[in-house]
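Anchor point for the sequence shown: position 33 equals 32 in my numbering, and the numbering is continuous, going up by one each time.
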Amino acid sequence: MELEHSFTVPADIDTAWNTLLDVERIAMCMPGATLISVEGDTFKGEVKIKLGPITMVFGGTASFVDKDVANHRLVINALGSETKGTSTAQATVTTQLVAESPTLTRVDVNTDLAITGKPAQFGRGVMSDVAGRIIGQFAGNLEGVIATGSGGAGTTSTDASAPAAATPASAADAIDMMEVAGGAVAKKLIPVVLVVVALVAAWLLLK
0 MELEHSFTVP ADIDTAWNTL LDVERIAMCM PGATLISVEG DTFKGEVKIK
50 LGPITMVFGG TASFVDKDVA NHRLVINALG SETKGTSTAQ ATVTTQLVAE
100 SPTLTRVDVN TDLAITGKPA QFGRGVMSDV AGRIIGQFAG NLEGVIATGS
150 GGAGTTSTDA SAPAAATPAS AADAIDMMEV AGGAVAKKLI PVVLVVVALV
200 AAWLLLK
C-alpha cells in the first residue's frame, strides 16, 4: 500500500533541513515518541499511546537506507509492532524536501506500507487519514519551532500561513488514538501509528 503526504514549513530549504537535524528542537514536535537507543543508522524507540482511560507503551525500530544531504532526500525503513499481539506494520519511506520559495519548503513523504494482522482489513483511505493527522500534528509543531527560532509555539495546521498558537507536544505526551482514529478503529490501527511515529522520529538521528 502506497501513501503520499506533504506539508510545508515557513523556512528556506537549508533552514528546514538543518532544523530536522536538531535533536533538541525536533524532539518537542513529536508527541508520544521517546528515543531509547542508537546503533549506527538504526534506532529503537517507544511510543506512548492513549486509548480512552488506558495509556500503553509500544516499541519500534527504524533504520536509514539512504541519506542524501546534497539533495535533501532520505529513505528510511521502519517497523512497528504490538508488544502483546501479532499485528505489525513495516514501511519504506522516501522523504524529499523541495524549495517552494526562498522562505517556504515543502516536505514530500512517500510511504510503501505493508501490514499484517487486524489493521490489514482497513483500506488505503483510512490508513492515509490516520497517518495524515499524525504527520499534521508534527508539521504544525515544527512550523511553530521554526517560526520562533526556538522551542516555541506550534500549531496543528500544515498551512505555512497559520499563526503559532499552541505549545509543541513533548515526548512525554501520549498520542490520543480516539482523536486521530476514533472508536473501535483506534485500537486496531495502533501498529500503523507506531510506524508513522517512527518515521517522523527518525529525523532525530540525522544530527
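Idealized CB from N, CA, C, for every residue including glycine.
query	result
Three-state class that DSSP yields for Gly39 in the structure shown	coil
Inter-residue Cα distance where the pair is Ala171 and Asn140	Here the model assigns Ala171 a pLDDT of 49, short of 50, so the residue's position is not dependable, and the following value carries that caveat. Each residue's Cα considered, the two are about 15 Å apart.
Residue(s) in a DSSP beta bridge with Ile114	Ala88
Residue from Ser5, Ala61 and Glu142 whose Cα sits closest to the Cα of Ala46	The question names Ala, but residue 46 in the sequence shown is Val. Checking every option, the nearest Cα to that of Val46 belongs to Ala61.
Proximity of Ala69 and Gly79 at Cβ, strictly below 8 Å	no
Rounded straight-line distance, which links the Cα of Glu38 to that of Phe63	11 Å
Residue span of the alpha helix (DSSP H) that contains Thr14, given as start and end	Ile12 to Leu19
Beta-carbon gap between Thr7 and Arg105 smaller than 8 Å	yes
Own chain partners of Thr54 with C-beta closer than 8 Å, once the 5 adjacent residues on each side are dropped	Lys47, Ile48 and Ala173
Glu178 classed as buried or exposed, judged by whether at least 16 other C-beta atoms fall within 10 angstroms	exposed
Cys207 and Val144 closer than 8 Å at C-beta	Residue 207 lies beyond the residue range present for the chain, which begins at 0 and ends at 206; the question has no answer from this structure.
Contacts around Ile35, its chain only, beta-carbon distance under 7 Å, and the 5 residues preceding and following it disregarded	Lys43, Gly44 and Glu45
Host beta strand (DSSP E) of Thr7 (start-end)	Glu1 to Val8
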